[in-house]
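K.L.:
Mind the numbering: the sequence shown is residues 82 to 241 in the numbering used here, read in order.
From the three backbone atoms N, C-alpha and C, an ideal C-beta is built for every residue, glycine too.
Since the structure is predicted, the reported quantities are computational estimates derived from the model, not experimental observations.
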Amino acid sequence: MYEHILVPLDGSELAEAVLEHVTPIAEKFSSELILLEVVPTFAELVGQTMPRETFASPTVVDLSVDAAEEAHESEQVQAVTYLEAKKKELEARGLKATVLVYEHASTPAGILAAAEESGADLVAMSTHGRSGLGRAVFGSVADEVMRKTGLPVLLIRKQE
Numbered sequence: 082m083y084e085h086i087l088v089p090l091d092g093s094e095l096a097e098a099v100l101e102h103v104t105p106i107a108e109k110f111s112s113e114l115i116l117l118e119v120v121p122t123f124a125e126l127v128g129q130t131m132p133r134e135t136f137a138s139p140t141v142v143d144l145s146v147d148a149a150e151e152a153h154e155s156e157q158v159q160a161v162t163y164l165e166a167k168k169k170e171l172e173a174r175g176l177k178a179t180v181l182v183y184e185h186a187s188t189p190a191g192i193l194a195a196a197e198e199s200g201a202d203l204v205a206m207s208t209h210g211r212s213g214l215g216r217a218v219f220g221s222v223a224d225e226v227m228r229k230t231g232l233p234v235l236l237i238r239k240q241e
């Protein structure tokens, strides 16, 4: 039924809470768990490090680009290291798992694109379970994924 289950993670306890719920599903259906982390694109990081002044000196611009390159490389390495460790934990339990690091400016859009690209049959993720003003102010990655995907979505509500 579910051959490929996409599991977006970000290194937080909240995101990892879904694993205890999705692993029995993976065991039952012999599913492959696709462990995903969406990281910012280089362009996004440049935008975050670039000075706001209209006429920044070339030296300041070069420093901003260098900082963005360093942050981009660091994000990639940290994501792969983290996901590989989770993959090993799951494989030690007899589960199939793969690692996918996806660059995107928007986490929900990155999850949706990765789901389509990976051939996922199910997206399984945790949510804060905020409602009302909390959701309006902070938004909800899970809510956007759920509304925009045609795939089944397993949401696990985790309260902090």
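Below 8 Å on the Cβ atoms is my contact criterion, and I expect Ser221 with Ala98 to pass it. Report the Cβ-Cβ distance as a whole number of Å.
P.N.:
Position 140 of the sequence shown, counted from the first residue, corresponds to residue 221. Position 17 of the sequence shown, counted from the first residue, corresponds to residue 98. No, Ser221 and Ala98 are not in contact; Cβ-Cβ is about 15 Å, not under 8 Å.
K.L.:
Between His185, Ala196, Glu154, Gln159, which lies nearest to Ser93 when the distance is taken from Cα to Cα?
P.N.:
Your numbering for residue 93 matches position 12 in the sequence shown. The option with the nearest alpha carbon to Ser93 is Gln159.
K.L.:
Note down, in chain order, each residue of its chain lying with its Cβ closer than 8 Å to the Cβ of His102, except the 5 sequence neighbours on either side.
P.N.:
Along the sequence shown, one-based indexing puts residue 102 at 21. Cβ neighbours of His102 beyond the five flanking positions: Ala205, Leu235, Ile237.
K.L.:
Spatial neighbours of Thr81 within its chain, please: C-beta separation below 7 Å, excluding the five flanking residues on both sides.
P.N.:
No statement about residue 81 is possible, as the shown extent of the chain runs from 82 to 241 and does not include it.
K.L.:
Taking the runs of the alpha helix (DSSP H) that are 4 residues or longer, which of them lie wholly in the region 146-231?
P.N.:
You should have 188-199, 214-219, 222-229.
K.L.:
Helix, strand or coil: how does DSSP classify Val99 here?
P.N.:
Residue mapping note: residue 99 aligns to position 18 of the sequence shown, counting from 1. Three-state DSSP puts Val99 in coil, outside helix and strand.
K.L.:
Would you tell me roughly how many angstroms separate the C-alpha atoms of Leu171 and Glu118, rounded to the nearest one?
P.N.:
If you number the sequence shown from 1, residue 171 lands on position 90. If you number the sequence shown from 1, residue 118 lands on position 37. Those two C-alpha atoms are separated by around 16 Å.
K.L.:
Is Ile115 closer than 7 Å to Leu87 when the C-beta atoms are compared?
P.N.:
Position 6 of the sequence shown, counted from the first residue, corresponds to residue 87. Position 34 of the sequence shown, counted from the first residue, corresponds to residue 115. Cβ distance < 7 Å, so Leu87 and Ile115 count as in contact.
K.L.:
Helix, strand or coil for Glu118 per DSSP?
P.N.:
Here residue 118 corresponds to residue number 37 of the sequence shown, with the count starting at 1. Correct three-state label for Glu118: strand.
K.L.:
So what does DSSP say about Val84, is it helix, strand or coil?
P.N.:
Stepping through the sequence shown from its first residue, residue 84 is reached at position 3. The question names Val, yet the displayed sequence has Glu at residue 84. In the structure shown, Glu84 sits in coil (DSSP, three-state: anything other than H, G, I, E or B).
K.L.:
Can you tell me whether DSSP reads Val141 as helix, strand or coil?
P.N.:
By 1-based counting over the sequence shown, the position of residue 141 is 60. Since pLDDT at Val141 reaches only 49, below the 50 mark, its modelled position is unreliable, and no value is offered.
K.L.:
Among the residues of its own chain, which have a CB less than 6 Å from the CB of Leu100, if the five just before and after it don't count?
P.N.:
Here residue 100 refers to the residue found at position 19 of the sequence shown. If we look at Leu100 and ignore the five residues flanking it on each side, it has no Cβ neighbours.
K.L.:
If you follow the beta strand (DSSP E) that Leu90 is part of, which residue opens it and which one closes it?
P.N.:
Walking along the sequence shown from the start, residue 90 turns up at place 9. Premise fails: Leu90 is in no beta strand (DSSP E) and is neither H nor E.
K.L.:
When DSSP builds the beta bridges, which residues end up paired with Glu113?
P.N.:
Counting from one through the sequence shown, the residue named residue 113 turns up at place 32. For Glu113, which the question treats as bridged, DSSP gives the partners His85, Lys177.
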